[in-house]
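*Asks:* So that we are looking at the same thing, I have put the structure below in structure tokens.
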Amino acid sequence: MSSRPVPQSADAAAARCLLCNVGCPVRVMRDGPDRYLPDYVPHAGYAGLCARGSILAELLDHPERLVAASRRSGDALAPCDTAAAVAEAAALRDGGPAAVIADGNHDLESIACAARLAAACGGRWAVHLPPGDAGLVASMDSSGCRFIGPEDLAGADALLVIGNVYATHPVAAHWVFEARRLRPRTPVLVMADGCGVTAEFARDVFQPRLAAGEAARAVAAVRTGRTEALGAEGKALAAWKDRLRAGKSPAVVVSAELGYADAAALGAEVAALAKELGASVCPLTTYGNAWGAMRLAAAGKAATVEQVLADPPRTLLVIGADVESALGCAAVAPALAKVSRLIYVGPMPNRMSDQASVVLPAAFAFERAGRALLGPGREVRFGPLLRPPLGVPTVGEVLAGLGGRADAADVSASVPLAAAAAPSAASAAPEGGGLLLAPAGDPFHFADGSLTRRASWPQAVRPRPVLAMRDADAAAAGLAEKSRAVVEGPGGSVEVEVVTSAAQRGGQARASAAFREVRNIFAWNAGGPPPGGPVRVRIRKP
Amino acid sequence: MPDAPAVPQVEKRVVLDLDRCIECKSCMAACFYGHVKMTGINFVDIGPAVLPVVCRQCADAACVEVCPAKAMTRDESGVVARGIFSCRGCGSCVRACPFGVLSLEMAGHQVAKCDLCEDRLARGLEPRCAAACPTGALRFVTAAEAEAEGLAVLGGRIAGDHPIQRR
Numbered sequence: 001m002s003s004r005p006v007p008q009s010a011d012a013a014a015a016r017c018l019l020c021n022v023g024c025p026v027r028v029m030r031d032g033p034d035r036y037l038p039d040y041v042p043h044a045g046y047a048g049l050c051a052r053g054s055i056l057a058e059l060l061d062h063p064e065r066l067v068a069a070s071r072r073s074g075d076a077l078a079p080c081d082t083a084a085a086v087a088e089a090a091a092l093r094d095g096g097p098a099a100v101i102a103d104g105n106h107d108l109e110s111i112a113c114a115a116r117l118a119a120a121c122g123g124r125w126a127v128h129l130p131p132g133d134a135g136l137v138a139s140m141d142s143s144g145c146r147f148i149g150p151e152d153l154a155g156a157d158a159l160l161v162i163g164n165v166y167a168t169h170p171v172a173a174h175w176v177f178e179a180r181r182l183r184p185r186t187p188v189l190v191m192a193d194g195c196g197v198t199a200e201f202a203r204d205v206f207q208p209r210l211a212a213g214e215a216a217r218a219v220a221a222v223r224t225g226r227t228e229a230l231g232a233e234g235k236a237l238a239a240w241k242d243r244l245r246a247g248k249s250p251a252v253v254v255s256a257e258l259g260y261a262d263a264a265a266l267g268a269e270v271a272a273l274a275k276e277l278g279a280s281v282c283p284l285t286t287y288g289n290a291w292g293a294m295r296l297a298a299a300g301k302a303a304t305v306e307q308v309l310a311d312p313p314r315t316l317l318v319i320g321a322d323v324e325s326a327l328g329c330a331a332v333a334p335a336l337a338k339v340s341r342l343i344y345v346g347p348m349p350n351r352m353s354d355q356a357s358v359v360l361p362a363a364f365a366f367e368r369a370g371r372a373l374l375g376p377g378r379e380v381r382f383g384p385l386l387r388p389p390l391g392v393p394t395v396g397e398v399l400a401g402l403g404g405r406a407d408a409a410d411v412s413a414s415v416p417l418a419a420a421a422a423p424s425a426a427s428a429a430p431e432g433g434g435l436l437l438a439p440a441g442d443p444f445h446f447a448d449g450s451l452t453r454r455a456s457w458p459q460a461v462r463p464r465p466v467l468a469m470r471d472a473d474a475a476a477a478g479l480a481e482k483s484r485a486v487v488e489g490p491g492g493s494v495e496v497e498v499v500t501s502a503a504q505r506g507g508q509a510r511a512s513a514a515f516r517e518v519r520n521i522f523a524w525n526a527g528g529p530p531p532g533g534p535v536r537v538r539i540r541k542p
Numbered sequence: 543m544p545d546a547p548a549v550p551q552v553e554k555r556v557v558l559d560l561d562r563c564i565e566c567k568s569c570m571a572a573c574f575y576g577h578v579k580m581t582g583i584n585f586v587d588i589g590p591a592v593l594p595v596v597c598r599q600c601a602d603a604a605c606v607e608v609c610p611a612k613a614m615t616r617d618e619s620g621v622v623a624r625g626i627f628s629c630r631g632c633g634s635c636v637r638a639c640p641f642g643v644l645s646l647e648m649a650g651h652q653v654a655k656c657d658l659c660e661d662r663l664a665r666g667l668e669p670r671c672a673a674a675c676p677t678g679a680l681r682f683v684t685a686a687e688a689e690a691e692g693l694a695v696l697g698g699r700i701a702g703d704h705p706i707q708r709r
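One line per chain: the protein sequences are B and P, in this order. Under this note's numbering, the first sequence has 84 at position 84, and the numbering climbs by one with no breaks. Basically this note's numbering = 1-based index in the second sequence + 542.
Shown next, in the form of structure tokens:
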């Protein structure tokens, strides 16, 4: 049996991992009453499975999983009869202002059910997506680009890769490597951190400054050849366009990496560059069904989450989304204080379920059959990974019980978003002294609020947070490789291990975002910069 | 004097193509979930990269020789496996392994040890780490296959042109 992976292709029978829009097929075997084994069977074009996909098996019987309904009694949630909880949740339709906020990483049918329920109770609805995903989809969907999935990258003969995609979408790297294997002279040009793993395999690397919009400005410099705004480091970009144009089938792989991505502006610039080059675009999003969710939200005239919270409803139904972690306490807490009844439906507890009046358990998206739109022209139909435990209903079944039944045949995400005005790249770096710090994406929890944070394995494999910085910056601070350093930011301080690299841009650093103590120093959840944004920090010896 | 009986050898080993490893730890996750949450794969920091090392199933296995509890044994297919009931977690094998494959991090007072996913081999499948690897960096191949691909064995790994620097 050959150990060389084969190209991935659609397998209608398989469950899909929707923890990113590569959408890998996943299979799990039951190996006892509370044990599951991911089954790495090379079926139908299987191309490996990243750690996040393996983690799905751990989520199935996670000890914190919601398996019974509960309702608030005083300050605590107490288990209650499911029928009683559903009756209480049905108060959503009692009249008065109501709203529904659904997490965008459900299947198309479940999102349609949320829209139907909101319409049935005369309320507003919104879909929550990571800002990077929302920006990329909004700016690219109507651009007229030729979109491809990651499995088509093997056919590219010139590649521009934006973001540390090998860390955040490891399986997508498979086809870049295949392109390189088939045509060893294929130029792989990377815009990402110099110390990131994607840059390690690049022919040439440009590392943008850490500031919103810098990645968009760099892509614009490639397109126009005008690199003045990027300083001396950006001069090399002037030649990238010709190097990409030299290929017969160039491709751009784009992800909105934390730190320097103004996703909407980045998407618009990538679309403009791709059209000039005649290149294909492979957009990579954090949510597997980000494209489908955005299209259904647009078709259903959904509000934004911010709009819903700006005029808080009397009754709010939240489906799977952890809005407070995503937007920050400062933005969400005042609105929630005005909501008299908060109903939470989802598979795992989070900050929203902690504050809810009623909590209804629901299956994970991968525990039901459904459809997802991984990208333009990439709609997939998938089967359930396994049945949910203890008869936990699917989101669609819960919402249908509340009056939000949607006929799957009527649910379509085939219509692209309407064209939006091309945004310009916003703002520069945060003011102040010290180093600029941004969170580092990693292969298992690359999105803040990720379900995979609940799994035990990532904690076992990466027990210590690290700080990646330029060797000269480290030396100036009296630090060396593997020494300890204290990072002081607007939200507090943390002690980390230093990793130095000559490839890292001076004056800026990355820290592992997988650790709560690291995320705290950014003060994202206390009225500081937007989640994922860089901050100024001071770094010193302990 | 009669010849010593031939020691059975594994036909295929898990080896690493350094030019393809993106350090995503998918192999470690696959091993972790496939072996009751104990992983037989370790990552070693060689400076420019943090790379997985997988047991080579040595022909002259030091771990088998030093194990005081006879927990490390070689089966008829050549796989060196750790007996789940006899391992005391003393760590002798960890210190004896010349490749640093075995780890002192012990779970349940046992040293985690790669058994080449014997359950999968019996089904004609390759070990989980190689099957899960997104980039094809971990390969389950015979020595002849590795040689045919023009790769050179280096300290338990297979490297490209340069042991550290990637293309």
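We put the beta carbon where it would ideally sit given N, CA and C, even for glycine. Source: prediction; values computed, not measured.
Less than 8 Å separating the beta-carbons of Tyr-40/B and Arg-670/P?
*Replies:* Taking the first sequence and counting its residues from 1, the one referred to as residue 40/B is at position 40. Taking the second sequence and counting its residues from 1, the one referred to as residue 670/P is at position 128. Yes. Within cutoff.
*Asks:* Between Arg-624/P and Val-595/P, which are expected to be in contact by the criterion C-beta below 8 Å, what is the C-beta distance as a whole number of angstroms?
*Replies:* Locating residue 624/P in the second sequence gives position 82, where the first residue counts as 1. Locating residue 595/P in the second sequence gives position 53, where the first residue counts as 1. Between Val-595/P and Arg-624/P the Cβ distance is about 17 Å, and since that is not below 8 Å, they are no contact.
*Asks:* Hey, is Glu-497/B close to the ligand FAD, as in C-beta under 7 Å from one of its heavy atoms?
*Replies:* What this structure holds is no ligand at all, so the ligand FAD is not there to describe.
*Asks:* Could you give the uninterrupted runs of the beta strand (DSSP E) lying entirely in the region 316-392 of chain B, keeping only those of 3 residues or more?
*Replies:* 341-346, 358-361, 370-373, 379-382
*Asks:* What three-state label does DSSP hand Ser-9/B in the structure shown?
*Replies:* One-based indexing of the first sequence puts residue 9/B at position 9. Here the model assigns Ser-9/B a pLDDT of 42, short of 50, so the residue's position is not dependable, and the following value carries that caveat. If DSSP states are grouped into helix, strand and coil, Ser-9/B belongs with coil.
*Asks:* List the whole-angstrom C-beta distance separating Ala-369/B from Pro-384/B, where the pair is believed to meet the contact cut-off of C-beta under 8 Å.
*Replies:* Taking the first residue of the first sequence as position 1, residue 369/B is located at position 369. Taking the first residue of the first sequence as position 1, residue 384/B is located at position 384. Contact holds; Cβ gap of about 5 Å.
*Asks:* From this set, Arg-52/B, His-106/B, Glu-58/B, which residue's C-alpha is nearest Val-345/B's C-alpha?
*Replies:* Counted from its first residue, the first sequence places residue 345/B at position 345. When only C-alpha atoms are compared, the closest one is His-106/B.
*Asks:* Taking the C-alpha atoms as reference points, what is the distance between Lys-579/P and Val-165/B?
*Replies:* For this step, residue 579/P is matched to residue 37 along the second sequence. For this step, residue 165/B is matched to residue 165 along the first sequence. Straight-line measurement puts the Cα of Val-165/B at about 27 Å from the Cα of Lys-579/P.
*Asks:* Tell me, please, whether the CB atom of Pro-170/B is closer than 8 Å to any CB atom in chain P?
*Replies:* Along the first sequence, read from residue 1 onward, the residue named residue 170/B stands at position 170. Taking Cβ atoms only, chain P reaches closer than 8 Å to Pro-170/B, which makes this a yes.
*Asks:* Is it buried or exposed for Asp-81/B, if we count other Cβ within 10 angstroms and need 16 for buried?
*Replies:* As a working mapping, residue 81/B is identified with position 81 in the first sequence. Counting Cβ neighbours within 10 Å, Asp-81/B comes out exposed, since fewer than 16 surround it.
*Asks:* If I measure Cβ to Cβ from Leu-19/B and keep anything under 6 Å in the same chain, skipping five residues before and after, which residues do I get?
*Replies:* Here residue 19/B is taken as the residue at index 19 of the first sequence, counted from 1. Around Leu-19/B: Arg-52.
*Asks:* Rounding to the nearest angstrom, what Cα-Cα distance links Ala-297/B and Asp-133/B in this structure?
*Replies:* By one-based count along the first sequence, residue 297/B stands at place 297. By one-based count along the first sequence, residue 133/B stands at place 133. Near 14 Å, if we compare the C-alpha coordinates of Asp-133/B and Ala-297/B.
*Asks:* Evaluate the contact criterion for the region 476-483 of chain B versus the region 496-507 of chain B: three or more CB pairs, one atom per stretch, below 8 Å.
*Replies:* yes
*Asks:* Taking 8 Å as the threshold (C-beta atoms), are Val-552/P and Gly-620/P in contact?
*Replies:* Within the second sequence, residue 620/P is the residue found at index 78, counting from 1. Within the second sequence, residue 552/P is the residue found at index 10, counting from 1. It is a contact, given that the beta carbons lie within the stated cut-off.
*Asks:* If you check the beta carbons only, do Ala-218/B and Leu-244/B fall under 8 Å apart?
*Replies:* One-based indexing of the first sequence puts residue 218/B at position 218. One-based indexing of the first sequence puts residue 244/B at position 244. No, they are not a contact pair.
*Asks:* Buried or exposed for Pro-539/B, going by 16 or more other Cβ atoms inside 10 Å?
*Replies:* In the first sequence, residue 539/B corresponds to position 539, counting from 1. The question names Pro, yet the displayed sequence has Ile at residue 539/B. By the 10 Å Cβ count, Ile-539/B comes out buried.
*Asks:* Just the C-alpha distance for Gly-489/B and Lys-541/B, rounded to the nearest angstrom, thanks.
*Replies:* For the purposes of this step, residue 489/B is identified with residue 489 of the first sequence, where counting begins at 1. For the purposes of this step, residue 541/B is identified with residue 541 of the first sequence, where counting begins at 1. Taking the straight line joining both Cα atoms gives about 15 Å.
*Asks:* Relative to the C-alpha of Glu-324/B, which residue among Gln-355/B, Ser-255/B, Ala-115/B, Cys-17/B is closest?
*Replies:* The residue you call residue 324/B lines up with position 324 of the first sequence. Ranking Gln-355/B, Ser-255/B, Ala-115/B, Cys-17/B by Cα distance to Glu-324/B puts Gln-355/B first.
*Asks:* Put Ile-588/P into one of helix, strand or coil per three-state DSSP.
*Replies:* As a working note, residue 588/P is residue 46 in the second sequence. Three-state result, Ile-588/P: coil.
*Asks:* Is the CB-CB distance between Pro-313/B and Ala-472/B below 8 Å?
*Replies:* Against the first sequence, residue 313/B aligns to sequence position 313. Against the first sequence, residue 472/B aligns to sequence position 472. Not a contact, by the Cβ cut-off of 8 Å.
*Asks:* Which residue from Val-549/P, Ile-564/P, Pro-550/P, Asp-559/P puts its Cα closest to that of Cys-195/B?
*Replies:* Along the first sequence, read from residue 1 onward, the residue named residue 195/B stands at position 195. When only C-alpha atoms are compared, the closest one is Ile-564/P.
*Asks:* For Ala-78/B, is the classification buried or exposed, using 16 other Cβ atoms within 10 angstroms of its Cβ as the cut-off for buried?
*Replies:* Position 78 of the first sequence holds residue 78/B. Burial call: exposed.
*Asks:* Could you tell me the distance, in whole angstroms, from the CA atom of Pro-184/B to the CA atom of Gly-104/B?
*Replies:* For the purposes of this step, residue 184/B is identified with residue 184 of the first sequence, where counting begins at 1. For the purposes of this step, residue 104/B is identified with residue 104 of the first sequence, where counting begins at 1. The alpha-carbon atoms of Pro-184/B and Gly-104/B are separated by roughly 39 Å.
*Asks:* Return the chain-ordered list of same chain residues with a C-beta closer than 7 Å to the C-beta of Ser-568/P, the five sequence neighbours on each side being excluded.
*Replies:* Position 26 of the second sequence, counted from the first residue, corresponds to residue 568/P. Correct list, in chain order: Ala-674, Cys-675, Pro-676.
*Asks:* Could you tell me which chain P residues have their CB closer than 8 Å to the CB of Gly-48/B, listed as they occur along the chain?
*Replies:* In the first sequence, residue 48/B corresponds to position 48, counting from 1. The contacting residues are Ser-568, Ala-673, Ala-674, Cys-675, Pro-676, Thr-677, Gly-678.
*Asks:* How is Tyr-545/B classed by DSSP in three states: helix, strand or coil?
*Replies:* Nothing about residue 545/B can be reported from this structure: the residues present for chain B run from 1 to 542 only.
*Asks:* Taking C-beta pairs closer than 7 Å, name the residues in chain B that Glu-565/P reaches, listed in chain order.
*Replies:* Mapped onto the second sequence, residue 565/P falls at position 23. Near Glu-565/P (Cβ distances below 7 Å), the residues of chain B are Val-197.
*Asks:* Using only CA atoms, which one of Arg-505/B, Glu-200/B, Ala-337/B lies nearest to Val-592/P?
*Replies:* Indexing the second sequence from 1 puts residue 592/P at position 50. Checking every option, the nearest Cα to that of Val-592/P belongs to Glu-200/B.
*Asks:* Can you tell me the Cα-Cα spacing of Pro-465/B and Ala-87/B, whole angstroms?
*Replies:* As a working note, residue 465/B is residue 465 in the first sequence. As a working note, residue 87/B is residue 87 in the first sequence. Using only the alpha carbons, I get a separation of about 46 Å.
*Asks:* I'd like to know if His-62/B contacts chain P, where contact means its C-beta is closer than 8 Å to some C-beta of that chain.
*Replies:* Position 62 of the first sequence, counted from the start, is the residue given in the question as residue 62/B. With 8 Å as the cut-off, His-62/B does not count as an interface residue toward chain P.
*Asks:* Establish whether the CB of Cys-20/B and some CB of chain P are separated by less than 8 Å.
*Replies:* Taking the first residue of the first sequence as 1, we reach residue 20/B at position 20. Not closer than 8 Å to any Cβ of chain P, the Cβ of Cys-20/B fails to qualify, so no.
*Asks:* Looking only at C-alpha atoms, which of Val-622/P, Asp-561/P, Glu-691/P, Ala-638/P sits nearest to Arg-598/P?
*Replies:* Within the second sequence, numbered from 1, the residue matching residue 598/P stands at position 56. Ranking Val-622/P, Asp-561/P, Glu-691/P, Ala-638/P by Cα distance to Arg-598/P puts Val-622/P first.
*Asks:* So, helix, strand or coil for Arg-454/B, using DSSP?
*Replies:* For the purposes of this step, residue 454/B is taken as the residue at position 454 of the first sequence. Correct three-state label for Arg-454/B: helix.
*Asks:* So, for Pro-170/B: in the same chain, excluding its five sequence neighbours on each side, which residues have a beta-carbon less than 7 Å away from its beta-carbon?
*Replies:* Position 170 of the first sequence, counting from 1, holds the residue named residue 170/B. Cys-50, Pro-443.
*Asks:* In the DSSP assignment, what residue or residues form a beta bridge with Ile-101/B?
*Replies:* Counting from one through the first sequence, the residue named residue 101/B turns up at place 101. In the DSSP output, where bridge partners are listed per residue, Ile-101/B has Ala-126/B, Val-318/B.
*Asks:* When you compare each of Glu-367/B, Ala-120/B, Ala-69/B, His-445/B to Val-28/B by their alpha carbons, which one comes out closest?
*Replies:* The residue labelled residue 28/B in the question sits at position 28 within the first sequence. The candidate whose alpha carbon is nearest that of Val-28/B is Glu-367/B.
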